[in-house]
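Q:
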């Protein structure tokens, strides 16, 4: 995710929390972390164009109305709000905003502005995504082969320092495809038990129940997807095609992962990430036109 996209996302989170506070005067208690985030992200919001500020305001009002309809926030005595850092996503909780009503009911919101990815995970930590410790035999063998691929790729760069200076076939044949093949083989070899398959699925989709809220300013729509009570996973099959990996889970979910460089510069250990998106999923979805 680009820095600008991240700033826009955090500005939208700011606007949503501000709207909840404005509509529930005297009932909302922010954690210290939420207060700090609101202060910091108010600057991101202030830098938006007037049109985008207006869009975010309408979006926030619509989201509050949905929350009120679903959870009757106005009928509660106290609403506690926390905002999670991006690091929480690497630990399994993909939520951005956590709402607790009267210290009992909990609502988790994952806010997306345009980008609807499930994850932007690093390929080198695939063994941990599948439930293996860093010092396990499986992980060590994976790292060894991963580093061999990186070394072979480095030999092909011919002194170039930026990815956009490389021919596409060099990036594809010596980096993207070999790493995708390595990960596909790892998943098909070491992620076949129900425990490991479930671990991978939960890593990608989240370990807590939440609502993913995606605002598309161009289409003037808000998509609300409920990631709750997801069906259990018994197995997974990985397939690779060019710089994509497709994961077919036994619960009828299909997830695609596109490998790309996360930095413009070519380094000894290339900075890579996946853009991980759901292709098919069994969830409840609400679409609101604004």
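Numbering (the working numbering), first residue to last: 472 to 761.
Ideal placement from N, C-alpha and C gives every residue a C-beta, glycine not left out.
Counting C-beta neighbours from all protein chains within 10 Å, is the total for residue 744 16 or more, i.e. buried, or is it exposed?
A: Here the question's residue 744 lines up with position 273 in the chain shown. Burial call: buried.
Q: So residue 672 and residue 646 are in contact, right, with Cβ under 8 angstroms, and what is the actual spacing, rounded?
A: The residue you call residue 672 lines up with position 201 of the chain shown. The residue you call residue 646 lines up with position 175 of the chain shown. Not quite, the Cβ-Cβ distance comes to about 27 angstroms (not below 8 angstroms), so this is no contact.
Q: Cβ of residue 568 within 8 angstroms of Cβ of residue 499?
A: Here residue 568 corresponds to residue number 97 of the chain shown, with the count starting at 1. Here residue 499 corresponds to residue number 28 of the chain shown, with the count starting at 1. Cβ atoms of residue 568 and residue 499: not closer than 8 angstroms.
Q: Using only alpha-carbon positions, find the residue among 576, 537, 494 that is nearest to residue 758.
A: As a working note, residue 758 is residue 287 in the chain shown. Nearest option by C-alpha distance: 537.
Q: Helix, strand or coil: which one does DSSP assign to residue 731?
A: Along the chain shown, read from residue 1 onward, the residue named residue 731 stands at position 260. Looking at residue 731 - three-state DSSP - the assignment turns out to be strand.
Q: Note down the Cα distance separating residue 679 from residue 579, rounded to an integer number of angstroms.
A: Taking the first residue of the chain shown as 1, we reach residue 679 at position 208. Taking the first residue of the chain shown as 1, we reach residue 579 at position 108. Straight-line Cα distance between these residues: approximately 8 angstroms.
Q: Using 8 angstroms as the threshold, is the C-beta distance between residue 721 and residue 710 below it?
A: Position 250 of the chain shown, counting from 1, holds the residue named residue 721. Position 239 of the chain shown, counting from 1, holds the residue named residue 710. No; because the gap between Cβ atoms is not below 8 angstroms, this pair is not in contact.
Q: Return helix, strand or coil for residue 754, following the three-state DSSP convention.
A: Along the chain shown, read from residue 1 onward, the residue named residue 754 stands at position 283. Residue 754 falls in the coil class under three-state DSSP.
Q: Determine the extent of the beta strand (DSSP E) in which residue 692 is found, giving its start and end residues.
A: Looking up residue 692 in the chain shown gives position 221. Start and end: 692 to 698.
Q: What number of angstroms, rounded off, separates the C-alpha of residue 591 from the C-alpha of residue 747?
A: Residue 591 sits at position 120 when you count from the first residue of the chain shown. Residue 747 sits at position 276 when you count from the first residue of the chain shown. Roughly 6 angstroms separates the two Cα atoms.
Q: Give me, in chain order, the residues of the same chain whose beta-carbon lies closer than 7 angstroms to that of residue 477; leave out the 5 immediate sequence neighbours on both sides.
A: Residue mapping note: residue 477 aligns to position 6 of the chain shown, counting from 1. Correct list: empty, nothing qualifies.
Q: Would residue 727 and residue 715 qualify as a contact pair, given that the criterion is a beta-carbon distance under 8 angstroms?
A: To locate residue 727, count along the chain shown from 1; it is residue 256. To locate residue 715, count along the chain shown from 1; it is residue 244. Cβ distance < 8 angstroms, so residue 727 and residue 715 count as in contact.
Q: Taking contact to mean 3 or more Cβ pairs, one atom from each stretch, closer than 8 angstroms, check whether the stretch 498 to 513 and the stretch 592 to 604 are in contact.
A: Flag = no, the stretch 498 to 513 and the stretch 592 to 604 do not touch.
Q: Buried or exposed for residue 511, please, with buried defined as at least 16 other CB atoms from any protein chain shown within 10 angstroms of its CB.
A: The residue labelled residue 511 in the question sits at position 40 within the chain shown. Classification for residue 511: exposed.
Q: Roughly how many angstroms separate the alpha carbons of residue 482 and residue 626, rounded to a whole number?
A: Sequence index remark: in the chain shown, residue 482 carries index 11 (1-based). Sequence index remark: in the chain shown, residue 626 carries index 155 (1-based). In a straight line, the C-alpha of residue 482 is about 42 angstroms away from that of residue 626.
Q: For the candidate residues 496, 677, 617, 685, whose alpha-carbon lies nearest to that of residue 702?
A: In the chain shown, counting from the first residue as 1, residue 702 sits at position 231. With distances taken between Cα atoms, residue 702 lies closest to 677.
Q: Among 613, 523, 494, whose alpha-carbon lies nearest the alpha-carbon of residue 658?
A: By one-based count along the chain shown, residue 658 stands at place 187. For residue 658, the nearest C-alpha among the options comes from 613.
Q: May I have a chain-ordered list of the alpha helix (DSSP H) segments no shorter than 4 residues that lie completely inside the stretch 533 to 596?
A: Entirely contained in the stretch 533 to 596, the alpha helix (DSSP H) runs reaching 4 residues are, in chain order, 558 to 561.
Q: Specify the secondary structure class of residue 502 as computed by DSSP and reduced to three states.
A: Here residue 502 refers to the residue found at position 31 when the chain shown is read from its first residue. Note: residue 502 maps to coil in three-state DSSP.
Q: Among all the DSSP beta bridges, which residues are the ones paired with residue 718?
A: Counting from 1 along the chain shown, the entry for residue 718 is found at position 247. Answer is 709, 726.
Q: Excluding five sequence neighbours on each side, which residues of the same chain lie with their C-beta closer than 7 angstroms to the C-beta of residue 736?
A: Against the chain shown, residue 736 aligns to sequence position 265. Closer than 7 angstroms at the Cβ level, and outside the excluded window around residue 736, lie 632, 633.
Q: Once the 5 residues before and after residue 668 are set aside, which same chain residues still bring their CB inside 6 angstroms of it?
A: Indexing the chain shown from 1 puts residue 668 at position 197. Closer than 6 angstroms at the Cβ level, and outside the excluded window around residue 668, lie 662, 704, 706, 707.
Q: Which class does residue 526 belong to by DSSP, given the choice of helix, strand or coil?
A: Here the question's residue 526 lines up with position 55 in the chain shown. Residue 526 falls in the helix class under three-state DSSP.
Q: Just tell me which of 675, 630, 729, 517 has its CA closest to the CA of residue 599.
A: Here residue 599 is taken as the residue at index 128 of the chain shown, counted from 1. Ranking the options by Cα distance to residue 599, first place goes to 675.
Q: If I follow the unbroken beta strand (DSSP E) through residue 683, where does it start and stop?
A: Translated into the one-based positions of the chain shown, residue 683 becomes position 212. Here the beta strand (DSSP E) through residue 683 covers 681 to 687.
Q: Run through DSSP, which three-state label would residue 631 get?
A: Your numbering for residue 631 matches position 160 in the chain shown. Three-state DSSP puts residue 631 in coil, outside helix and strand.
Q: Could you give the uninterrupted runs of the alpha helix (DSSP H) lying entirely in the stretch 594 to 625, keeping only those of 4 residues or more?
A: The stretch 594 to 625 contains these whole alpha helix (DSSP H) runs: 597 to 600.
Q: Looking at residue 684 and residue 566, is the spacing between their C-beta atoms short of 8 angstroms?
A: Counting from 1 along the chain shown, the entry for residue 566 is found at position 95. Counting from 1 along the chain shown, the entry for residue 684 is found at position 213. No, they are not a contact pair.
Q: Can you give the beta carbon distance from residue 531 to residue 495, rounded, assuming they're within the 8 angstroms contact cut?
A: Counted from its first residue, the chain shown places residue 531 at position 60. Counted from its first residue, the chain shown places residue 495 at position 24. The pair is not a contact, with the Cβ atoms about 13 angstroms apart (cut-off 8 angstroms).
Q: Measuring alpha carbon to alpha carbon, tell me which residue in 493, 554, 475 is nearest residue 484.
A: For the purposes of this step, residue 484 is identified with residue 13 of the chain shown, where counting begins at 1. It is 554.
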